[in-house]
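**Student:** The structure follows.
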Amino acid sequence: MERVKVLVHGVLGKMGQEVLSAVCRDPKLEAVAGVDAKAGKKEILLPDGSSSLPLSKDLESVLHSCHPDVLVDFATAEATMPAVRTAVKHGVALVIGTTGLSDADLNEIKSLCKKNGVGAVIAPNFAIAAVVMMHLAKVAARFFDYAEIIEMHHEQKLDAPSGTALATARDMVQARGSNFVHVSAKKESIAGSRGGELGGVALHSVRMPGLLAHQEVILGAPGQTLRIRLDQINREAFMPGVTLAIKKAAELKEAVFGLDKLLGL
Numbered sequence: 056m057e058r059v060k061v062l063v064h065g066v067l068g069k070m071g072q073e074v075l076s077a078v079c080r081d082p083k084l085e086a087v088a089g090v091d092a093k094a095g096k097k098e099i100l101l102p103d104g105s106s107s108l109p110l111s112k113d114l115e116s117v118l119h120s121c122h123p124d125v126l127v128d129f130a131t132a133e134a135t136m137p138a139v140r141t142a143v144k145h146g147v148a149l150v151i152g153t154t155g156l157s158d159a160d161l162n163e164i165k166s167l168c169k170k171n172g173v174g175a176v177i178a179p180n181f182a183i184a185a186v187v188m189m190h191l192a193k194v195a196a197r198f199f200d201y202a203e204i205i206e207m208h209h210e211q212k213l214d215a216p217s218g219t220a221l222a223t224a225r226d227m228v229q230a231r232g233s234n235f236v237h238v239s240a241k242k243e244s245i246a247g248s249r250g251g252e253l254g255g256v257a258l259h260s261v262r263m264p265g266l267l268a269h270q271e272v273i274l275g276a277p278g279q280t281l282r283i284r285l286d287q288i289n290r291e292a293f294m295p296g297v298t299l300a301i302k303k304a305a306e307l308k309e310a311v312f313g314l315d316k317l318l319g320l
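Going left to right, the sequence shown walks through residues 56 to 320 as the numbering used here numbers them.
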């Protein structure tokens with residue numbers, strides 16, 4: 056069986072580097088090129104130092120020369136959509152982990168994939184533990200009226216709340232069938248003390264060094280609370296989900312939202 060050829064978009068970023076390393080370790084995958092807006096050289100060295108891959112700022116030229124099966128995107132929200140449009144035009148499947156995409160962006164990806172018969176897997180979080188955490192939060196949501204989410208990330212994370220926190224809140228509201236009860240402070244000494252709010256779920260974002268990606272879902276009822284906690288201590292946590300998504304995206308003919316769909320949850 057031929058290996059799935061992978062192009063990493065945003066390859067010079069921390070997640071891009073981790074993805075490249077994971078692809079190189081998987082015998083069923085083959086890294087063929089990297090694309091990054093900050094590319095200053097024409098090659099990028101493989102993690103084990105055995106050889107190098109083509110590196111470019113120009114996605115179009117790389118697609119013509121390397122013919123990947125799947126493009127893995129961990130870039131920025133601003134760079135993702137142009138890359139998606141270009142890749143789909145060439146019949147290249149997508150795995151998208153970039154957060155901060157709008158509903159309009161997601162709808163466009165779905166439409167483009169359907170129109171061109173191209174597969175895609177888009178997920179706010181590729182860690183298996185995160186997917187299970189979100190699933191458990193949906194199950195619990197039906198039994199509680201109050202819910203809050205505290206998400207904690209490193210200080211360089213661009214968006215807040217995190218895509219995982221937003222997706223968790225949306226899924227919980229949908230599973231419950233109505234909004235949660237949101238308690239607003241009668242007197243707020245500092246504006247924003249109660250955080251953001253989505254469907255009655257209060258959302259709080261923490262940003263500081265010493266953190267990678269963490270989330271706690273707290274559900275409350277009279278006399279009791281339920282806490283569902285996720286801790287991701289390094290970027291390796293995302294890689295089993297990413298490599299699974301790459302293999303599945305190469306087989307799909309449409310866009311799939313959420314890693315849970317691939318896990319049967």
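Beta carbons are placed, not taken as given, at the ideal position from N, Cα and C, and that holds for glycine. Computed from a predicted model, the values in this text were never measured in an experiment.
Relative to the C-alpha of L320, which residue among Q211, L191 and A304 is closest?
**Tutor:** Ranking the options by Cα distance to L320, first place goes to L191.
**Student:** Based on the DSSP output, what are the partners of I205 in its beta bridges?
**Tutor:** According to DSSP, which records beta bridges pairwise, I205 is partnered with H259 and E271.
**Student:** Are the CB atoms of G174 and L307 within a distance shorter than 8 Å?
**Tutor:** Cβ atoms of L307 and G174: closer than 8 Å.
**Student:** Tell me the rounded alpha-carbon separation between G104 and A77.
**Tutor:** Roughly 14 Å between the two C-alpha positions.
**Student:** In whole angstroms, what separates the C-alpha of E73 from that of N180?
**Tutor:** If you take the alpha carbons of E73 and N180, they lie about 15 Å apart.
**Student:** What residues match up with P109 in a beta bridge as DSSP calls it?
**Tutor:** Looking at the DSSP assignment, P109 forms a beta bridge with E98.
**Student:** Looking only at DSSP bridge pairs, what is V173 linked to?
**Tutor:** Note: V173 sits in no beta bridge, so no partner.
**Student:** When you compare only the Cα positions, how much space is there between D128 and C168?
**Tutor:** Using only the alpha carbons, I get a separation of about 15 Å.
**Student:** What are the start and end residues of the alpha helix (DSSP H) that includes D315?
**Tutor:** D315 to L318 is the span of the alpha helix (DSSP H), which, as asked, contains D315.
**Student:** In whole angstroms, give me the CA-to-CA distance for D214 and E133.
**Tutor:** For D214 and E133, the distance between alpha carbons rounds to 12 Å.
**Student:** DSSP three-state label for V187, please.
**Tutor:** In the structure shown, V187 sits in a helix (DSSP, three-state: H, G or I).
**Student:** Just curious, the beta strand (DSSP E) that D128 is in, first and last residue?
**Tutor:** Start and end: V125 to D128.
**Student:** Do the stretch 243-256 and the stretch 221-230 touch if we need at least three Cβ pairs shorter than 8 Å?
**Tutor:** Touching, per the Cβ criterion.
**Student:** Could you tell me which residues DSSP puts in a beta bridge with A86?
**Tutor:** Per DSSP, V61.
**Student:** Contact check, A323 vs V59 under 8 Å by CB: the rounded distance?
**Tutor:** Because the chain in this structure spans residues 56 to 320, residue 323 falls outside the shown range and cannot be described.
**Student:** May I ask you to report which of helix, strand or coil DSSP gives G218?
**Tutor:** Residue state, collapsed to three classes: helix.
**Student:** Looking at the structure shown, is D91 part of a helix, part of a strand, or coil, going by DSSP?
**Tutor:** Reduced to three states, the DSSP call for D91 is coil.
**Student:** So A178 packs on A300, CB below 8 Å; how close in whole Å?
**Tutor:** A178 to A300, Cβ: 7 Å. Contact.
**Student:** Hey, quick one: how far does the alpha helix (DSSP H) through R80 stretch, first residue to last?
**Tutor:** Unbroken alpha helix (DSSP H) run through R80: K69 to R80.
**Student:** If you measure between the beta carbons of E206 and P216, is that distance less than 8 Å?
**Tutor:** Yes; because the gap between Cβ atoms is below 8 Å, this pair is in contact.
**Student:** Got a sec, what are the start and stop residues for the beta strand (DSSP E) V143 sits in?
**Tutor:** Careful: V143 lies outside any beta strand (DSSP E), inside the alpha helix (DSSP H) at A132 to K144.
**Student:** Taking one C-beta from the stretch 100-116 and one from the stretch 84-91 each time, how about it: are there three or more such pairs within less than 8 Å?
**Tutor:** The stretch 100-116, when compared against the stretch 84-91, does touch it at the 8 Å Cβ threshold.
**Student:** Could you tell me which of C121, V125 and N171 sits nearest to K83, measuring between CA atoms?
**Tutor:** Taking only the C-alpha atoms, the option nearest K83 is V125.
**Student:** Where does the unbroken alpha helix (DSSP H) through E309 begin, and where does it stop?
**Tutor:** Neither: E309 is in no alpha helix (DSSP H) and is coded neither H nor E.
**Student:** Exposed or buried, Q211, counting other C-beta atoms within 10 Å across all chains shown (16 or more means buried)?
**Tutor:** Classification for Q211: exposed.
**Student:** Could you check whether A148 and A138 sit closer than 8 Å to each other, using their CB atoms as the reference points?
**Tutor:** No, the Cβ-Cβ distance between A138 and A148 is not below 8 Å.
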